[in-house]
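Right under this line is the structure:
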């Protein structure tokens, strides 16, 4: 399907699409959720399978949203591995690099939608991310070192029909609204359990 143009007009010259976002549909979705908050509940899912060594593959197939089960147009498959330095084969980005990927994508989407809702056209959005991590935590060599990132830095470069002050405001709002930023910056309950699979004789 052809991607949406940054701006589209209806027959009366009214903008219907800004930054590839259908403004009328966005407003309609917000209105529907205001009337029925249960529509806002979503459940996202992933299935992961070990492939060998540090390599595993995650498959994304479906999710729950707007009160219904929704299947993606096709399955998304994402390989994760470690670089040779960490005894992997570099088949895919490593898990903590996927964290940076998720954060950058979520902040960008939040920024794009917020700008569109305010009628601001963005021509180009790029971001660089860096995360500092001490692997002594993962290796169990120090109780004083956390296992995950110690600090993450994000730098946006944006071309837009808006002054610097507005760009900074949009970035602040994107940070406030981003689900992934919330996930990585605030503690959430995570339940982990396991079960042994009984192998059947062939």
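Numbering (the UniProt record's numbering), first residue to last: 1 to 202. Note that beta-carbon positions come from the ideal geometry of N, C-alpha and C, so glycine has one too. It should be emphasised that the depicted structure is a prediction, and the values quoted were computed from it without experimental measurement.
May I ask you to report which of helix, strand or coil DSSP gives residue i?
{"i": "residue 42", "result": "coil"}
{"i": "residue 2", "result": "Residue placement at residue 2 cannot be trusted, given a pLDDT of 36 that sits under 50; what the coordinates show is reported in the next sentence. Of the three classes helix, strand and coil, the one that applies to residue 2 here is coil, per DSSP."}
{"i": "residue 181", "result": "helix"}
{"i": "residue 86", "result": "helix"}
{"i": "residue 57", "result": "strand"}
{"i": "residue 130", "result": "strand"}
{"i": "residue 197", "result": "coil"}
{"i": "residue 121", "result": "coil"}
{"i": "residue 192", "result": "coil"}
{"i": "residue 174", "result": "helix"}
{"i": "residue 115", "result": "helix"}
{"i": "residue 66", "result": "coil"}
{"i": "residue 224", "result": "Outside the shown range of the chain (1 to 202) lies residue 224, about which nothing can therefore be said."}
{"i": "residue 94", "result": "coil"}
{"i": "residue 32", "result": "helix"}
{"i": "residue 18", "result": "strand"}
{"i": "residue 73", "result": "strand"}
{"i": "residue 49", "result": "strand"}
To the nearest angstrom, how far is it from the Cα of residue i to the Cα of residue j?
{"i": "residue 126", "j": "residue 192", "result": "35 Å"}
{"i": "residue 44", "j": "residue 63", "result": "5 Å"}
{"i": "residue 177", "j": "residue 92", "result": "29 Å"}
{"i": "residue 108", "j": "residue 34", "result": "25 Å"}
{"i": "residue 50", "j": "residue 24", "result": "43 Å"}
{"i": "residue 80", "j": "residue 46", "result": "13 Å"}
{"i": "residue 148", "j": "residue 75", "result": "29 Å"}
{"i": "residue 202", "j": "residue 105", "result": "46 Å"}
{"i": "residue 150", "j": "residue 144", "result": "12 Å"}
{"i": "residue 22", "j": "residue 122", "result": "14 Å"}
{"i": "residue 17", "j": "residue 70", "result": "24 Å"}
{"i": "residue 83", "j": "residue 135", "result": "13 Å"}
{"i": "residue 61", "j": "residue 72", "result": "6 Å"}
Anyone know if the C-beta pair for residue i and residue j falls short of 7 Å?
{"i": "residue 190", "j": "residue 103", "result": "no"}
{"i": "residue 19", "j": "residue 112", "result": "yes"}
{"i": "residue 152", "j": "residue 158", "result": "no"}
{"i": "residue 137", "j": "residue 88", "result": "no"}
{"i": "residue 110", "j": "residue 66", "result": "no"}
{"i": "residue 129", "j": "residue 154", "result": "yes"}
{"i": "residue 57", "j": "residue 27", "result": "no"}
{"i": "residue 170", "j": "residue 114", "result": "yes"}
Below 8 Å, how does it come out for the segment 112-132 and the segment 157-164: are there three or more Cβ pairs, yes or no? yes
Segments assigned beta strand (DSSP E), at least 3 residues, entirely inside the segment 139-168: 151-160
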